[in-house]
């Protein structure tokens, strides 16, 4: 019979022991976890609109450096799940995961255009409801953070 022990923080490999063989070597605690993983997210102008089969999100930046950074992030993360996080006064108000459709990301001159569509009637209705929700919140003053695979690619209103 084998027993496995893990360090409390889950930072080291498990140790094993077997009856009659003594105990395995306990590993020493590893270094403390690194600080928070932070990244600057480009500030953009975000526009959401319904389209045939779903919705279209257009992110545009006036600053060439921010635009380039956003386009690189979108290129690296394209094909993953797109989500929109609506924030007001630093608090999340709403989060829409667009997992019910297929997302496509195209580069534009000043940013990118993310299209999320579905051939299923009910999924299309859900995507368009998310579009209405996010658009209404942005008009009311919320900031939108667009994410791909959980990584923010642009923020704005």
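Numbering (the working numbering), first residue to last: 1494 to 1650. Ideal placement from N, C-alpha and C gives every residue a C-beta, glycine not left out.
Presumed contact (8 Å Cβ cut-off) between residue 1620 and residue 1574, rounded CB distance: Taking the chain shown and counting its residues from 1, one reaches residue 1620 at position 127. Taking the chain shown and counting its residues from 1, one reaches residue 1574 at position 81. That belief does not hold up - the Cβ atoms of residue 1620 and residue 1574 are roughly 13 Å apart, past 8 Å.
Beta-carbon spacing of residue 1535, residue 1580 below 8 Å: For the purposes of this step, residue 1535 is taken as residue 42 along the chain shown, with counting starting at 1. For the purposes of this step, residue 1580 is taken as residue 87 along the chain shown, with counting starting at 1. With a cutoff of 8 Å on beta-carbon distance, residue 1535 and residue 1580 are scored as not near each other.
Beta-carbon spacing of residue 1591, residue 1552 below 8 Å: The residue labelled residue 1591 in the question sits at position 98 within the chain shown. The residue labelled residue 1552 in the question sits at position 59 within the chain shown. No Cβ-Cβ contact shorter than 8 Å links residue 1591 with residue 1552.
Residues near residue 1668 in its chain [Cβ-Cβ closer than 7 Å; skip 5 each side]: The requested residue 1668 is not part of the displayed model; the chain covers only 1494 to 1650.
Integer-rounded CB distance, given that residue 1567 should sit under 8 Å from residue 1560: Sequence index remark: in the chain shown, residue 1560 carries index 67 (1-based). Sequence index remark: in the chain shown, residue 1567 carries index 74 (1-based). Not a contact, Cβ separation roughly 11 Å.
C-alpha distance - residue 1617 paired with residue 1610, whole-angstrom precision: Residue numbering aside, residue 1617 sits at position 124 when the chain shown is read from its first letter. Residue numbering aside, residue 1610 sits at position 117 when the chain shown is read from its first letter. Residue 1617 and residue 1610: Cα-Cα distance of roughly 7 Å.
According to DSSP, residues forming a beta bridge with residue 1575: Numbered from 1 along the chain shown, position 82 holds the residue referred to as residue 1575. Per DSSP, 1641.
Under 8 Å between C-beta atoms of residue 1650 and residue 1635: In the chain shown, residue 1650 corresponds to position 157, counting from 1. In the chain shown, residue 1635 corresponds to position 142, counting from 1. Cβ distance < 8 Å, so residue 1650 and residue 1635 count as in contact.
Contact set for residue 1542: own chain, Cβ-Cβ below 6 Å, skip 5 residues either direction: Locating residue 1542 in the chain shown gives position 49, where the first residue counts as 1. So the qualifying residues of the chain are 1549.
Exposure label - residue 1644; buried when at least 16 CB within 10 Å: Position 151 of the chain shown, counted from the start, is the residue given in the question as residue 1644. Residue burial is scored here from C-beta neighbours: residue 1644 has fewer than 16 other C-beta atoms within 10 angstroms and is therefore classed as exposed.
Top-ranked residue by Cα proximity to residue 1537, from 1604, 1615, 1596 and 1570: Residue 1537 sits at position 44 when you count from the first residue of the chain shown. Taking only the C-alpha atoms, the option nearest residue 1537 is 1604.
DSSP three-state assignment for residue 1596, whether helix, strand or coil: For this step, residue 1596 is matched to residue 103 along the chain shown. Correct three-state label for residue 1596: strand.
Residue 1501 to residue 1593 span [Cα, whole Å]: Taking the first residue of the chain shown as position 1, residue 1501 is located at position 8. Taking the first residue of the chain shown as position 1, residue 1593 is located at position 100. In this predicted model, residue 1501 has a pLDDT of only 38, less than 50, meaning its place in the structure is not dependable; the value taken from the coordinates is given anyway. The alpha-carbon separation between residue 1501 and residue 1593 amounts to approximately 37 Å.
Three-state class that DSSP yields for residue 1582 in the structure shown: As a working mapping, residue 1582 is identified with position 89 in the chain shown. Here DSSP, grouped into helix, strand and coil, assigns residue 1582 to coil.
Simplified DSSP assignment, three categories, for residue 1650: Here the question's residue 1650 lines up with position 157 in the chain shown. Here DSSP, grouped into helix, strand and coil, assigns residue 1650 to coil.
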